[in-house]
Amino acid sequence: TIMDPDLTLDYVAATIRKSIDAYQSIAGFDISGNPGITSTLYNVGNPEQRAHALKAENDRRRAAGEPEKLPEENYYGWLVNDK
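Here the sequence shown stands for residues 1 to 83, numbered as in the numbering used here.
Given below as structure tokens:
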């Protein structure tokens with residue numbers, strides 16, 4: 001059943017929506033227009049934890065006068081964005 005798109009499409013959509021919402025509300029980034037980032041988060045999981053880590057890193061960077069770090073895609077997200 002996991003390989004049946006009719007049964008898993010809602011799950012995939014909800015998982016991606018959860019990642020988009022987490023990055024917006026926690027880290028302050030709108031990732032909804034970047035399928036490479038959303039697919040990376042779908043691939044690696046833990047979007048809330050990753051958003052908190054990015055926020056903490058950017059809080060540290062701002063305090064040090066450094067530029068913000070942007071969300072990054074992994075190899076899977078790079079392939080998605082490359083298509």
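Positions of the beta carbon are idealized from the N, C-alpha and C atoms, including for glycine.
Please report the Cβ distance between residue i and residue j, rounded to the nearest whole angstrom; I am assuming they are in contact, meaning their Cβ atoms lie under 8 Å.
i	j	result
K55	I16	The Cβ separation is near 20 Å, so there is no contact.
G36	E68	Contact flag wrong, Cβ pair sits at about 18 Å.
V80	S39	4 Å
Y23	A51	5 Å
What's the gap between the Cα of residue i and the Cα of residue j?
i	j	result
R61	M3	42 Å
G65	E57	12 Å
A63	D82	34 Å
D21	G33	13 Å
Practice task
Identify every run of the alpha helix (DSSP H) within the segment 3-55, keeping only runs that are complete inside it and at least 4 residues long; order them along the chain.
Solution key: Every unbroken stretch of the alpha helix (DSSP H) spanning 4 or more residues and falling wholly within the segment 3-55 is given here in chain order: 5-22, 35-44.
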